[in-house]
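Position one of the sequence shown corresponds to residue 1 (full-length UniProt numbering), numbered consecutively onward. Virtual Cβ for every residue (Gly too), placed ideally from N, Cα, C. Below you'll find the structure, written out as structure tokens, and then a few comments.
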Amino acid sequence: MQLKLSPSELVSLTTALKRAGDKEIGGQLFGEQIEPSHFRVSTMTIQTKVGTFSRFFVDLLQAVRDAARFFDRTRHQYNRYNYIGEWHSHPSFEVLPSGVDIQSMRDLVRDPDFKGSFAVLMIVRLRADKLEAGAWLFDPRGFERNVKLETDA
Ligand SMILES: [Zn+2]
Numbered sequence: 001m002q003l004k005l006s007p008s009e010l011v012s013l014t015t016a017l018k019r020a021g022d023k024e025i026g027g028q029l030f031g032e033q034i035e036p037s038h039f040r041v042s043t044m045t046i047q048t049k050v051g052t053f054s055r056f057f058v059d060l061l062q063a064v065r066d067a068a069r070f071f072d073r074t075r076h077q078y079n080r081y082n083y084i085g086e087w088h089s090h091p092s093f094e095v096l097p098s099g100v101d102i103q104s105m106r107d108l109v110r111d112p113d114f115k116g117s118f119a120v121l122m123i124v125r126l127r128a129d130k131l132e133a134g135a136w137l138f139d140p141r142g143f144e145r146n147v148k149l150e151t152d153a
């Protein structure tokens with residue numbers, strides 16, 4: 001799978017990462033399907049509640065509100081514009097999912113209430129003011145693999 005990131009969202013992300021310092025922050029990824037396994041992330045929500053230096057906790061109320069706002073804006077055309085996944089930062093660690101991160105993604109996609117066919121976890125970090133990012137795909141059948149990230153030109 002390939003994910004294209006919007007440059008303007010990356011600017012907001014970098015600003016938020018600078019502000020958060022050594023606290024983990026995160027949010028959700030929403031976007032548009034371009035081809036069967038090619039997506040463009042057009043919206044990265046940024047959760048108001050920050051985490052600790054080693055954990056990020058999803059605020060479900062804000063997640064639901066942010067999702068509703070995205071679906072309203074894209075007029076509920078779910079087959080084109082949809083939820084892509086989650087992101088959070090690792091200011092003090094490599095951009096690799098921790099054991100807890102992997103388990104929470106597995107729990108998310110295997111939840112009977114999960115409506116999608118996959119979810120991506122993207123992990124980001126600022127190192128010397130340069131953004132580093134990695135992303136992984138999870139699906140309900142246990143399929144997991146690396147996601148290729150690119151910036152939308
Ligand atoms: Zn993590």
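Relative to the C-alpha of GLN28, which candidate in TRP87, MET105 and THR151 has its C-alpha closest? In the sequence shown, the residue the question calls residue 28 occupies position 28. The option with the nearest alpha carbon to GLN28 is TRP87.
Specify whether the stretch 19-39 and the stretch 77-84 touch according to this definition: at least 3 beta carbon pairs, one from each stretch, less than 8 Å apart. yes
Quick one: what's got a C-beta closer than 6 Å to LEU126's C-beta in the same chain, skipping five residues either side? In the sequence shown, the residue the question calls residue 126 occupies position 126. Answer for LEU126: LEU17, listed in chain order.
Would you mind working out which of ASP72, PHE118, ARG19 and LEU60 sits nearest MET105, comparing C-alpha positions? Translated into the one-based positions of the sequence shown, residue 105 becomes position 105. Checking every option, the nearest Cα to that of MET105 belongs to PHE118.
Looking only at C-alpha atoms, which of VAL11, HIS90 and PHE39 sits nearest to PHE57? In the sequence shown, residue 57 corresponds to position 57, counting from 1. If we check each option's Cα against that of PHE57, HIS90 comes out closest.
Might you give, ordered along the chain, the residues of its own chain that have their beta carbon closer than 6 Å to the beta carbon of VAL43, omitting 5 neighbours on each side? To locate residue 43, count along the sequence shown from 1; it is residue 43. Sequence inspection shows Thr at residue 43; the Val mentioned does not correspond to that position. Excluding sequence neighbours, THR43 sits near PHE30 and PHE70.
Pairwise C-alpha distance: GLU24 and LEU137: Within the sequence shown, numbered from 1, the residue matching residue 137 stands at position 137. Within the sequence shown, numbered from 1, the residue matching residue 24 stands at position 24. Whole-angstrom Cα-Cα distance: 21 Å.
Same chain only: Cβ atoms within 6 Å of GLN62, ignoring 5 sequence neighbours per side: Counting from one through the sequence shown, the residue named residue 62 turns up at place 62. Cβ within range, chain order: GLN47.
Mind checking whether the beta-carbon of PRO91 lies closer than 7 Å to any heavy atom of ligand 1? Position 91 of the sequence shown, counting from 1, holds the residue named residue 91. Not so, every heavy atom of ligand 1 lies at least 7 Å from the Cβ.
Closer than 6 Å by C-beta to LYS4: which residues in its own chain qualify, once you throw out the five before and the five after it? Chain order, please. Residue numbering aside, residue 4 sits at position 4 when the sequence shown is read from its first letter. Taken in chain order, the residues that qualify are ARG40, GLU150 and ASP152.
For ASP66, does the count of other Cβ atoms within 10 angstroms reach 16, so buried, or fall short, so exposed? Counted from its first residue, the sequence shown places residue 66 at position 66. Buried, because 16 or more other Cβ atoms sit within 10 Å of the Cβ of ASP66.
Of the choices ASP107, THR52 and SER8, whose alpha-carbon is the least far from that of PRO140? Walking along the sequence shown from the start, residue 140 turns up at place 140. Closest by alpha carbon: ASP107.
Verify whether the separation of the beta carbon atoms of PRO54 and SER6 is less than 8 Å. Looking up residue 54 in the sequence shown gives position 54. Looking up residue 6 in the sequence shown gives position 6. The residue you asked about is not Pro; residue 54 is Ser in the sequence shown. In this structure, SER6 does not lie closer than 8 Å to SER54 by Cβ.
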